[in-house]
Amino acid sequence: MKLSVVVPTLNRLEYLKITLKDLLPQIQRNLDSVELCISINASADETEAYIKSLKEENPFITYKAFTERVEICESFSRSINLCKGDYIIIFGDDDIPAPYMIESVLEVLNNNLNIGLIHFNRVVGSDLGVSLINKLRLENSNYDSIIEENSLSNFIEKYTIAPGFISALIFKKEAWDLGEYFDTSNHFGYDFLGRIYAGIDKLTPANCLYISYPLVIQRMVKNREWNDTWPKYWLLGVPNLLQSFDESKITGNSMYTWHNELNKSWLKFIYTLVWAAAYKKKYRPLIPEIQKFQQGSLRKAAVFLIITVTPEVAFKQIRKFLYK
Numbered sequence: 001m002k003l004s005v006v007v008p009t010l011n012r013l014e015y016l017k018i019t020l021k022d023l024l025p026q027i028q029r030n031l032d033s034v035e036l037c038i039s040i041n042a043s044a045d046e047t048e049a050y051i052k053s054l055k056e057e058n059p060f061i062t063y064k065a066f067t068e069r070v071e072i073c074e075s076f077s078r079s080i081n082l083c084k085g086d087y088i089i090i091f092g093d094d095d096i097p098a099p100y101m102i103e104s105v106l107e108v109l110n111n112n113l114n115i116g117l118i119h120f121n122r123v124v125g126s127d128l129g130v131s132l133i134n135k136l137r138l139e140n141s142n143y144d145s146i147i148e149e150n151s152l153s154n155f156i157e158k159y160t161i162a163p164g165f166i167s168a169l170i171f172k173k174e175a176w177d178l179g180e181y182f183d184t185s186n187h188f189g190y191d192f193l194g195r196i197y198a199g200i201d202k203l204t205p206a207n208c209l210y211i212s213y214p215l216v217i218q219r220m221v222k223n224r225e226w227n228d229t230w231p232k233y234w235l236l237g238v239p240n241l242l243q244s245f246d247e248s249k250i251t252g253n254s255m256y257t258w259h260n261e262l263n264k265s266w267l268k269f270i271y272t273l274v275w276a277a278a279y280k281k282k283y284r285p286l287i288p289e290i291q292k293f294q295q296g297s298l299r300k301a302a303v304f305l306i307i308t309v310t311p312e313v314a315f316k317q318i319r320k321f322l323y324k
């Protein structure tokens, strides 16, 4: 099997129906090369009953309904364990594949040697309900070539955590297996990406490809099951991930990218802190750790003041404005 498409899902049935409506025909056209797996993370809705019914019409579907709910990255890990393909894409249960996404990916896989991973561009939009996405924009508007080839270190330097958006990442299953050694315990929310990158580093050789044209629509959803943990993912998971790459010599200076690119915007920095402030009990104890990855006394002070003082209603009002 060349490619496994696995969809982890948690209480997202109405979104999942739309995603599968667009995915299934593409899978059906390529059953000799592609499998579809669905991993149900102890959903409390009718997801399992729906998938069971769907499998009767589409017997090629593989699914497992887990009874224990786990965090997002552990859900990814056990979803991957369902897969038999040489390459894997973990597809989000609320994202929309472009027409012929599967065919486009298979063409690249079949015509390029020694691929460790493929990352592709995407269209991003705000979620206004199950059937409506607005404010569409291209995630990466820069264009160099249709397919760009990089070494792992150059790829990480250029795209860092962009492949953390799972629906736009295809990786070699062997890399996942080889990366098990890598300590990802403090890569909160990005531990799966750390394991993939570390595994690719062990492959010889392994090329990292970027496809410039968008192959998926990403929903920016107002409410998710992991809303309270996102600030931790960004403020601690990302810099810990990049720091570990530097320490293990996978990259030369990824922390420069954190300070001068990813964490450069004051607007995003403050917004993330206001988000954290909405969950004060969770983030007050983390203030010293968060400050460690901020340069300058002004940013360190902002971490303390915003998380400590900002009322929860501030975050609610900002979200209301962004998703109106």
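Residue numbers for the sequence shown follow the UniProt record's numbering, so the first one is 1 and each next one is one higher.
By construction, the Cβ of each residue, glycine as well, lies at the ideal position given by its N, Cα and C atoms.
*Which residue comes first and which comes last in the alpha helix (DSSP H) that contains Phe304?*
Ser297 to Val309
*Pick from Pro288, Lys280, Ala206 and Asn186: whose alpha carbon is nearest that of Leu242?*
Asn186
*In angstroms, rounded to a whole number, what distance separates the CA positions of Pro99 and Thr9?*
22 Å
*Are three or more beta carbon pairs between the region 187 to 202 and the region 259 to 279 nearer than 8 Å?*
no
*Taking all protein chains shown into account, do 16 or more other C-beta atoms lie within 10 angstroms of the C-beta of Pro239, making it buried, or fewer, making it exposed?*
buried
*Bounding residues of the alpha helix (DSSP H) (the contiguous stretch that carries Gly141)*: First, the residue type needs correcting, since residue 141 is Ser and not Gly in the sequence shown. It is not in any alpha helix (DSSP H) - Ser141 carries neither H nor E in the DSSP assignment.
*Pick helix, strand or coil for Arg219, following the three-state DSSP scheme.*
strand
_Unbroken alpha helix (DSSP H) run spanning Ile27, endpoints_ = Leu13 to Gln28
*Which class does Asn207 belong to by DSSP, given the choice of helix, strand or coil?*
strand
*What are the residues that DSSP puts in a beta bridge with Leu117?*
Phe171 and Cys208
*Just curious, the beta strand (DSSP E) that Asp127 is in, first and last residue?*
Val123 to Asp127
*What is the rounded straight-line gap between the Cα of Leu286 and the Cα of Glu247?*
23 Å
*Given Asp127, which residues of its chain have a CB within under 7 Å of its CB, disregarding the five upstream and five downstream residues?*
Ile133, Arg219, Met220, Val221 and Lys222
*Are the beta-carbon atoms belonging to Leu31 and Phe60 less than 7 Å from one another?*
yes
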